Amino acid sequence: KRLEEYPESKILVLAPTRPLVNQHYEFFLKTLDIEEERFAILTGMVKPELRGRIYEEKQIIFATPQTIKNDLVEKRLSLKEFSLLVLDETHHAIGEYAYPYIAKKYKESADHQRILGLTASPGGTRQKIKEICKNIGIEAVEVRTEIDEDVTPWVKRKEMQWVYVELPESFKKIRSIVNEEYTKKLNALKKFGFLRGRRVSKKDLLSLQNRLYQGIKEGEKKAILGMSFVTQAIKLEHVITLLETQGIRVLEKYWKKLRDGKSKSNERLVKNKNISNAIWLTHSLFEQGSKHPKIGKLCSIVNQQFRVKKDSKIIVFANYRESVKEIVSSLRNVDSAKPVEFVGQREGMTQKEQNRRLSDFRDDKYNVLVCTSIGEEGLDIPEMDLAIFYEPVPSGIRSIQRRGRVGRQKIGRIVFLITRGTKDEVYYWSARHKEKSMHKTLYGMKMGEQSEINEF
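The structure is reproduced here in structure tokens:
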């Protein structure tokens with residue numbers, strides 16, 4: 009439509025990752041009746057001098073945001089002729105991300121302006137959603153969910169299942185020891201006036217750590233003492249989370265990281281009598297091959313799925329690379345399961361290897377994709393019969409992205425693995441609350457609160 013209105017204009021489509029940029033390129037090429045010569049893909053892999061020529065010669069450009077930002081800064085690109093700017097996964101448009109800068113430059117220079125932001129999960133609060141709208145100049149919000157009349161014909165039902173496991177007594181013993189030391193650190197912080205209230209979250213601790221860091225920079229002697237306690241408290245809170253939600257293998261690796269760390273805080277922590285005992289108990293369980301009960305339950309669910317439907321495609325989400333390895337290793341013992349790791353480039357997998365594994369997955373060389381957060385957003389991963397959350401995530405955005413892997417073209421099932429009485433339950437309900445809040449806010453904006461956005 010924009011090219012019909014302005015035939016000489018250009019279109020710019022941005023997406024956060026190279027695989028997602030390629031996916032948009034392929035979809036536009038297949039959908040639009042436009043010659044392929046008018047399309048171009050631009051990422052940081054393309055040399056700057058060549059990018060300059062492409063901006064002049066091509067009409068529809070697909071790119072990563074950092075590449076475009078760099079070229080705007082270096083004056084290799086003018087957005088004057090672009091009649092449409094598409095920002096995919098626009099929930100990234102906060103902080104120092106490239107989207108706000110690009111949108112600002114676009115509004116300053118484009119002759120015929122139209123910005124389209126796309127996301128399945130803009131944020132859990134009115135404030136966050138407004139921040140995104142403000143940052144990229146959005147003046148109207150359109151909302152669609154799976155229950156809207158114009159969406160329901162195109163999506164299939166998702167069957168949700170919650171599977172609970174109990175934390176083993178051996179795990180509880182370690183948790184009790186660590187929790188005792190964690191409570192001591194919190195009490196010390198309260199005693200010195202750094203913390204108040206009975207309930208202290210990880211967010212509270214991280215916020216306090218930032219305040220103390222500023223205090224140290226300004227020469228506050230008391231802040232140095234507080235920093236020692238809060239740093240150790242954050243680490244112990246993380247230990248409890250790993251034990252409850254991931255298991256012994258991941259915790260063993262984290263203890264090793266603390267032992268190998270050079271900081272005095274780490275040294276004091278691991279030499280503590282209670283913590284030293286917890287480390288020894290963890291190592292003993294690791295040597296015995298002890299696994300989190302979610303591993304056994306996951307294998308059972310996968311086995312049952314293949315019995316019901318032998319050609320099933322399954323995706324498993326886990327927060328940690330070490331958990332991914334453990335899950336893949338365990339699934340290799342399940343009949344019919346052909347699992348494969350799928351992790352991000354930061355975790356050591358090249359883009360070439362990512363593409364190869366996805367291609368092998370599509371070609372049925374593998375049938376269970378076990379991935380970290382890289383599998384949550386935007387990648388062209390085939391439709392799944394079953395998605396398993398090895399742990400709930402506290403982010404409403406990530407929870408929505410994970411669930412989006414099933415139920416697009418066929419009925420799919422989603423299983424949440426939850427350990428009773430642990431952070432798993434806290435995170436699950438946190439994500440549910442944020443998601444409900446997001447939908448309520450978005451519909452409120454759509455139904456008559458546009459003026460609030462326009463004020464920006």
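Take 9 as the starting number for the sequence shown in the numbering used here and just add one per residue.
C-beta atoms are modelled at their ideal positions from N, C-alpha and C, and glycine is treated no differently.
Here the structure is a predicted model, which means the values were calculated and not measured.
Counting Cβ pairs, one atom from each stretch, are 3 or more of them under 8 angstroms apart for the stretch 169-177 and the stretch 295-309?
By the criterion of at least three beta-carbon pairs nearer than 8 angstroms, the stretch 169-177 is in contact with the stretch 295-309.
C-alpha gap between I335 and D119, whole angstroms:
Residue 335 sits at position 327 when you count from the first residue of the sequence shown. Residue 119 sits at position 111 when you count from the first residue of the sequence shown. Computed Cα separation, rounded: 53 angstroms.
Hey, N282 and I185 are a contact pair by Cβ (cut 8 angstroms); roughly how many whole angstroms apart?
What you label residue 282 is simply residue 274 of the sequence shown in a count that begins at 1. What you label residue 185 is simply residue 177 of the sequence shown in a count that begins at 1. Between I185 and N282 the Cβ distance is about 5 angstroms, and since that is below 8 angstroms, they are a contact.
In chain order, what residues of the same chain lie with their CB nearer than 8 angstroms to the CB of S117, ignoring the 5 residues before and after it?
Counting from one through the sequence shown, the residue named residue 117 turns up at place 109. Listed in chain order, the non-local C-beta contacts of S117 below 8 angstroms within the same chain comprise S86, L87, K88, local neighbours out to five positions each way being set aside.
Closer than 8 angstroms is the cut-off here; do at least three beta carbon pairs connect the stretch 104-111 with the stretch 66-75?
Yes: the two stretches touch, three or more of their Cβ pairs being nearer than 8 angstroms.
At least three beta-carbon pairs within less than 8 angstroms, the stretch 258-277 to the stretch 218-233:
With a cut-off of 8 angstroms, the stretch 218-233 and the stretch 258-277 do not count as touching, because too few Cβ pairs lie within range.
Report the three-state DSSP secondary structure of Y14 (helix, strand or coil).
The count along the sequence shown starts at 1 and reaches residue 14 at position 6. The answer is coil: DSSP assigns Y14 none of H, G, I, E or B.
For the alpha helix (DSSP H) that contains E64, what are its first and last residues?
Numbered from its first residue, the sequence shown carries residue 64 at position 56. Where E64 is concerned, the enclosing alpha helix (DSSP H) stretches over 56-65.
Is DSSP giving V348 helix, strand or coil here?
To locate residue 348, count along the sequence shown from 1; it is residue 340. In the three-state scheme derived from DSSP, where H, G and I count as helix and E and B as strand, V348 is classed as strand.
Which residue marks the beginning of the alpha helix (DSSP H) containing R134, and which one marks its end?
Taking the first residue of the sequence shown as 1, we reach residue 134 at position 126. For R134, the enclosing alpha helix (DSSP H) starts and ends at 134-144.
Taking only beta-carbon atoms, is P130 less than 8 angstroms away from chain D?
Absent from the structure: chain D. Only one protein chain is present.
Please classify L28 as buried or exposed, where buried requires at least 16 other C-beta atoms within 10 Å of its C-beta.
By 1-based counting over the sequence shown, the position of residue 28 is 20. Residue environment for L28: buried (at least 16 other C-beta atoms within 10 angstroms of its C-beta).
On a CA-only basis, which of H99, K9, A241 is nearest L203? Give me that one, please.
Along the sequence shown, one-based indexing puts residue 203 at 195. For the residues H99, K9, A241, the minimum Cα distance to L203 belongs to A241.
Segment contact flag, the stretch 364-380 with the stretch 319-338, C-beta cutoff 8 angstroms, min 3 pairs
Counting Cβ pairs under 8 angstroms, three or more are found: they touch.
Look at I323 and C379 and say whether their C-beta atoms are less than 8 angstroms apart.
Against the sequence shown, residue 323 aligns to sequence position 315. Against the sequence shown, residue 379 aligns to sequence position 371. Taking 8 angstroms as the Cβ cut-off, I323 and C379 qualify as a contacting pair.
Apply the 10 Å Cβ neighbour rule to E97 and answer buried if 16 or more other Cβ atoms are within range, or exposed otherwise.
In the sequence shown, residue 97 corresponds to position 89, counting from 1. With 16 or more Cβ atoms within 10 Å of its Cβ, E97 is classed as buried.
G205 versus F179: straight-line alpha-carbon distance, rounded:
Position 197 of the sequence shown, counted from the start, is the residue given in the question as residue 205. Position 171 of the sequence shown, counted from the start, is the residue given in the question as residue 179. Taking the Cα positions, G205 is about 28 angstroms away from F179.
Could you please give the first and the last residue of the uninterrupted beta strand (DSSP E) stretch that includes S91?
For the purposes of this step, residue 91 is taken as the residue at position 83 of the sequence shown. Counted as a single uninterrupted DSSP element, the beta strand (DSSP E) harbouring S91 occupies residues 90-96.
Report the partner residues of I242 according to the DSSP bridge assignment.
In the sequence shown, counting from the first residue as 1, residue 242 sits at position 234. Beta-bridge pairing links I242 to no other residue.
Please classify D488 as buried or exposed, where buried requires at least 16 neighbouring CB atoms within 10 angstroms.
In this structure the chain extends from 9 to 464, so residue 488 is not present and cannot be described.
On the premise that G420 lies in contact with A439, defined as a C-beta separation below 8 angstroms, what is that separation, rounded to the nearest angstrom?
To locate residue 439, count along the sequence shown from 1; it is residue 431. To locate residue 420, count along the sequence shown from 1; it is residue 412. About 19 angstroms separates the two Cβ atoms, so there is no contact after all.
Minimum C-alpha distance to D343 - residue among R364, Q313, G201:
Here residue 343 refers to the residue found at position 335 of the sequence shown. Checked all of R364, Q313, G201; the closest Cα to D343 is Q313.
Is any heavy atom in the ligand SAM found nearer than 7 angstroms to the beta carbon of H246?
Annotation note on the ligand SAM: not contained in the displayed structure, which lists no ligands.
Among E349, R84, E399, which has the Cα closest to the Cα of G60?
Along the sequence shown, one-based indexing puts residue 60 at 52. Among E349, R84, E399, the Cα nearest to that of G60 is on R84.
To the nearest angstrom, how far is it from the Cα of Q254 to the Cα of L377?
Translated into the one-based positions of the sequence shown, residue 254 becomes position 246. Translated into the one-based positions of the sequence shown, residue 377 becomes position 369. Their Cα atoms are separated by approximately 18 angstroms.
Environment of H441 [buried if 16+ CB atoms lie within 10 Å]:
To locate residue 441, count along the sequence shown from 1; it is residue 433. Around the beta carbon of H441, fewer than 16 other beta carbons lie within 10 angstroms, which makes this residue exposed.
Entirely within the stretch 147-206 and at least 3 residues each: give me those beta strand (DSSP E) ranges in chain order.
The DSSP assignment places 166-173 as complete runs of the beta strand (DSSP E) inside the stretch 147-206, in order along the chain (cut-off: 3 residues).
L277 and V238 closer than 8 angstroms at C-beta:
Reading the sequence shown from its first residue, position 269 is the one you call residue 277. Reading the sequence shown from its first residue, position 230 is the one you call residue 238. In this structure, V238 does not lie closer than 8 angstroms to L277 by Cβ.
Cα-Cα separation between G415 and N285, rounded to whole angstroms:
Translated into positions along the sequence shown, residue 415 becomes position 407. Translated into positions along the sequence shown, residue 285 becomes position 277. Unreliable positioning characterises G415 in this predicted model, as indicated by a pLDDT of 46, which lies under 50. The coordinate reading is nonetheless provided below. Cα-Cα distance, rounded: 47 angstroms.
Assign I140 to buried or exposed, taking buried as 16 or more other Cβ atoms, counted over all protein chains shown, within 10 Å of its Cβ.
Position 132 of the sequence shown, counted from the first residue, corresponds to residue 140. When all chains shown are included, I140 counts as buried.
Suppose the cutoff is 8 angstroms on Cβ atoms and the five residues either side in sequence are ignored; what does the same chain contact list for E16 look like?
The count along the sequence shown starts at 1 and reaches residue 16 at position 8. E89, listed in sequence order.
Drop a sphere of 10 angstroms on the beta-carbon of D393, count the other beta-carbons inside from all chains shown, and report buried for 16 or more, exposed for fewer.
Numbered from its first residue, the sequence shown carries residue 393 at position 385. Buried, because 16 or more other Cβ atoms sit within 10 Å of the Cβ of D393.
My output table needs one value for G223: the three-state DSSP class, helix, strand or coil.
One-based indexing of the sequence shown puts residue 223 at position 215. In the three-state scheme derived from DSSP, where H, G and I count as helix and E and B as strand, G223 is classed as helix.
Residues that DSSP places opposite C379 in a beta bridge
What you label residue 379 is simply residue 371 of the sequence shown in a count that begins at 1. Note: C379 sits in a beta bridge opposite F325, F350.
Go ahead and pull the three-state DSSP assignment for I396.
Within the sequence shown, numbered from 1, the residue matching residue 396 stands at position 388. In the three-state scheme derived from DSSP, where H, G and I count as helix and E and B as strand, I396 is classed as strand.
Buried or exposed for V470, going by 16 or more other Cβ atoms inside 10 Å?
Outside the displayed range of the chain (9 to 464) lies residue 470, so it cannot be described from this structure.
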